[in-house]
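Take a look at the structure:
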């Protein structure tokens, strides 16, 4: 009979360690009373003794990892951590040569073996991911949160989150774990939740019981949470949905094409929407993680699908067709067919996959279908508390920062879609208080050479500053959508239906846009002669969207039927913003030969505003600026056509409306 005791005989001073584990039979049967063999004299557990069977410990243990997403970070990080530990041990030996460090560490581990497993588990989980356990962070965010106020939010305000529930939320985390379908994974509940109310009542009951006698208290105290947890065990018929990970994908692009598509994605998309950590992502591909990890493989296929929009390689097209609109569709379809279940709490991969699905769809002939995916992604993030500041640790980690970025991308996509489609947003800025993404380039996320992790070198501007500036700009757009574009019923309910309110809110929005300009970093301010191509493109995208959002603020008031005192000033502001936007993108087009597909919506809006201006001048008999504006419209159409290969939406029906405009075809404004 094999013994459950294992002995390390690597040396004379080797220490015998007792391994607490169930025997082979009990592990196969998942017996609830297994594991008492090592405490019995004959090393036979009570289950095997009663059944008169051999009690063996020969089958290998299966160690389940805490979460599949850690494969990415462990592969890249473990060797570096081990190397640092060895250097630390050598340094300690030099500083204290008379101390046996190995002996001291072994004794410390022995002392801690009998400690609270709950505290050890909490500490470990906190080090790896406070988001997954739901442990609130009481520290300050690493970057200032976006402000939310009843009036127009100031861009640089740093309002404290609603921390009045922080202690309560800290106490209910364990309860939420038990009340979820999967008690291992944290799911977020806010102050209005009935579960929070019940927990508050229990907290009050505990305070009352504290004043009672010891005997009475002992009789009325509930079972400890650990035993209560059994009644919330996962429902058997849901287990397959909750535990089944995406199957490994088997068909990937050839190695040469794979590398090209990845580079295209990171340069054309990730430099503006920093979803993925490039060094870690490429290291995992080098290690072959995509071949046995379904979630990572799906992420890679969607990266290839997005990169295919910028590739001229015919292998990215569907077999049997030469239609460039099918670029990347085969990889998109493969992943989209798999991601159907939303019952399990989201992982970092789930959020990334949802973002990539949206980014790909927005460049196809069916961009409107991305709206549903955005809403799903936002709610998946809220479900795990990604929108709350206290869900992130004080010290940034790769996983937490990737979740933060994925959620912010979903938020700005949601706000942009709400504006472009005239639909309600899934989340508003007052619903969240998470910090902005760190303005740190990917290569500085991991410490090396004595440098701190997540520390951007002084004097080296980060390309990720673009995304934080874009978030602040989108916040203003989101507020405009909820105010100047709100339905009459909402305005009446809030008492905001008068013209004075409209004038105040538009003035506040204009002030917010002006304040935003002051917050833009120096390397992203518009400079037509800027040498760095990436910063030139980023600054052009920011400025073109600034003009587009300025048009969005004033667009509702340019109609003469409203009779608003804002009509004429708003028309002038919209026309000037449209001309400025065209000039910025046109200069970028001249410098780089690419107007950037990210400016497509701005170009379309500028063209429509200028056409309205030309038609309005012709109707009133004035044609002073008509010829110039027609030239701007033609330039817009030229740049929209140039975006067609990278964004099929450029050839959709709204563009045809401009292409067929009589004034544009005639070539003048008369």
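Residue numbers (the working numbering): -15 to 654.
Don't be surprised by glycine CBs; every beta carbon is placed ideally from N, CA and C.
Nothing here was measured: the structure is a model prediction, and the numbers come from that model.
Hey, out of the options, whose CA is closest to residue i's CA?
i           : options               : result
residue 281 : 340, 294, 297 and 327 : 340
residue 265 : 7, 333, 186 and 417   : 333
residue 352 : 287, 435 and 406      : 406
residue 312 : 246, 619 and 440      : 246
residue 564 : 589, 71, 34 and 488   : 589
residue 494 : 484, 525, 528 and 554 : 554
residue 284 : 530, 303, 248 and 526 : 248
residue 362 : 386, 73, 618 and 396  : 396
residue 458 : 560, 537 and 598      : 537
residue 371 : 391, 328, 379 and 425 : 391
residue 379 : 319, 470, 359 and 430 : 430
residue 336 : 271, 254, 375 and 624 : 254
residue 571 : 23, 442, 492 and 517  : 517
residue 343 : 542, 614, 71 and 581  : 581
residue 444 : 500, 506 and 192      : 506
residue 569 : 623, 602, 533 and 23  : 623
residue 350 : 381, 310 and 327      : 310
residue 297 : 242, 366 and 441      : 242
residue 509 : 461, 414, 530 and 261 : 530
residue 614 : 626, 594 and 630      : 594
residue 387 : 487, 402 and 421      : 421
residue 425 : 412, 414, 440 and 415 : 440
residue 375 : 418, 601 and 354      : 418
residue 460 : 484, 512, 447 and 403 : 403
residue 412 : 467, 381 and 435      : 467
residue 345 : 314, 193, 330 and 364 : 314
residue 27  : 260, 39 and 453       : 39
residue 232 : 270, 274 and 262      : 274
residue 319 : 250, 490 and 234      : 234
residue 400 : 462, 415, 366 and 377 : 462
residue 574 : 626, 188 and 23       : 626
residue 628 : 192, 76 and 307       : 307
residue 383 : 438, 367 and 30       : 438
residue 539 : 502, 488, 596 and 511 : 596
Between residue i and residue j, how many whole angstroms is the CB-CB distance? I'm expecting something under 8 angstroms.
i           : j           : result
residue 257 : residue 552 : No, residue 257 and residue 552 are not in contact; Cβ-Cβ is about 38 angstroms, not under 8 angstroms.
residue 427 : residue 449 : At roughly 15 angstroms, the Cβ-Cβ gap does not stay under 8 angstroms, so residue 427 and residue 449 are not in contact.
residue 504 : residue 526 : 7 angstroms
residue 455 : residue 410 : Contact doesn't hold; Cβ gap of about 16 angstroms is too wide.
residue 41  : residue 8   : 7 angstroms
residue 237 : residue 288 : 6 angstroms
residue 610 : residue 598 : 5 angstroms
residue 348 : residue 632 : 6 angstroms
residue 229 : residue 278 : 5 angstroms
residue 389 : residue 360 : Incorrect: roughly 18 angstroms between the Cβ atoms, too far for contact.
residue 534 : residue 584 : In fact, because the Cβ distance is near 18 angstroms, the residues do not count as touching under 8 angstroms.
residue 586 : residue 523 : 14 angstroms between Cβ atoms; not a contact.
residue 630 : residue 293 : 5 angstroms
residue 603 : residue 566 : That pair is no contact at about 22 angstroms.
residue 680 : residue 365 : Limits of the chain in this structure are -15 at one end and 654 at the other, which puts residue 680 out of reach.
How far does the alpha helix (DSSP H) with residue i in it extend, from its first residue to its last?
i           : result
residue 560 : 551 to 576
residue 283 : 278 to 292
residue 318 : 313 to 320
residue 579 : No alpha helix (DSSP H) holds residue 579; DSSP gives it neither H nor E.
residue 34  : 30 to 35
residue 268 : 262 to 270
residue 348 : From DSSP, residue 348 is part of no alpha helix (DSSP H); its letter is neither H nor E.
residue 369 : Careful: residue 369 lies outside any alpha helix (DSSP H) and carries neither H nor E.
residue 618 : 610 to 626
residue 247 : 239 to 249
Any beta-carbon of chain C closer than 8 angstroms to the one on residue i?
i           : result
residue 605 : Absent from the structure is chain C; it holds one protein chain and no more.
Going along the chain, which unbroken runs of the beta strand (DSSP E) with 3 or more residues stay wholly within the segment 382 to 461?
-> none
Going along the chain, which unbroken runs of the alpha helix (DSSP H) with 4 or more residues stay wholly within the segment 502 to 526?
-> Correct list: empty.
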